[in-house]
Ligand code: BEZ
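In this note's numbering, the protein residues as written are 10 to 221.
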């Protein structure tokens with residue numbers, strides 16, 4: 010098993026899911042993707058996470074991000090659990106959950122950490138760009154549900170920095186000022202960023218969000 014690092018090509022796979030057979034690359038098309046694993050069906054934190062993910066689907070759609078969940082449970086289990094999620098989270102799970110019973114995908118993506126609980130998948134997140142490169146990897150323990158606002162925030166940052174020569178500062182949110190890429194000289198930055206460049210230090214230059 011090769012370790013996947015930022016900038017690597019996300020390995021392709023074909024696997025069963027709650028919505029039938031899925032091929033990753035076909036599913037993503039030329040959009041972005043978020044592949045996220047949870048430890049097990051019918052567990053409390055996972056139930057809140059998958060319900061929250063469903064409520065956020067419109068926001069992922071707006072950003073052209075396809076959602077794909079995964080655990081090592083089977084498709085029949087996922088379908089039964091989805092009924093519970095919809096009931097208790099008052100939502101409709103509207104994205105596929107991969108049924109990785111043979112651990113093919115979770116092994117490919119190193120989602121099973123032998124020192125974590127019971128040889129189950131940890132809470133991994135992979136954000137995949139349209140060119141299929143891995144742009145973000147997160148690993149959370151079973152005891153901590155993920156923050157879906159943060160996932161949207163980091164996607165906003167990744168999408169902005171993919172298309173503009175900027176980076177985003179700590180706690181940045183969509184629409185706030187951004188950092189001019191260190192690779193650009195301040196004089197050049199002034200002509201590139203029409204909304205203006207504020208030089209706080211020679212290495213710290215801010216500019217309004219070019220898309221706002
Ligand atoms: C949970 O989703 O609540 C959970 C799953 C596995 C281990 C611990 C908690």
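From the three backbone atoms N, C-alpha and C, an ideal C-beta is built for every residue, glycine too.
request  = Measuring alpha carbon to alpha carbon, tell me which of 191, 187, 87 and 70 ends up nearest residue 78.
outcome  = 87
query = According to DSSP, is residue 182 helix, strand or coil?
reply = coil
key: Backbone CA spacing between residue 115 and residue 70 [nearest angstrom]   = 25 Å
key: Between the CA atoms of residue 206 and residue 196 - distance to the nearest angstrom   = Their Cα atoms are separated by approximately 9 Å.
Top-ranked residue by Cα proximity to residue 43, from 198, 118, 56 and 52 = 118
query = Using the C-alpha atoms, what's the distance from residue 120 back to residue 29?
reply = 22 Å
request  = May I ask which residues mark the beginning and end of the beta strand (DSSP E) holding residue 42?
outcome  = Per DSSP, the continuous beta strand (DSSP E) segment holding residue 42 begins and ends at 41–46.
message = Does the beta-carbon of residue 53, which I'm using as the reference point, lie nearer than 7 Å to any heavy atom of the ligand BEZ?
response = yes
ask   = With residue 187 and residue 165 assumed to form a contact (beta carbons below 8 Å), what rounded beta-carbon distance in angstroms separates them?
value = That pair is no contact at about 11 Å.
request  = Could you tell me which of 91, 104 and 11 sits nearest to residue 36, measuring between CA atoms?
outcome  = Answer by Cα proximity: 104.
ask   = Using the C-alpha atoms, what's the distance from residue 138 back to residue 131?
value = 22 Å
message = Here's the rule: buried if 16 or more other CB atoms are within 10 angstroms of the residue's CB, otherwise exposed. What is residue 214?
response = buried
task = Using only alpha-carbon positions, find the residue among 148, 98, 100 and 179 that is nearest to residue 122.
result = Of all alpha-carbon atoms in 148, 98, 100 and 179, the one lying nearest the alpha-carbon of residue 122 is that of 148.
Residues sharing a beta bridge with residue 24, DSSP = Per the DSSP secondary-structure output, residue 24 pairs in a beta bridge with 31.
query = So, helix, strand or coil for residue 130, using DSSP?
reply = strand
inquiry  = I want to check one thing, is the minimum distance from the CB of residue 194 to the heavy atoms of the ligand BEZ below 7 Å?
reply    = no
Of the listed residues 134, 169, 109 and 45, nearest to residue 85 (C-alpha basis) = 109
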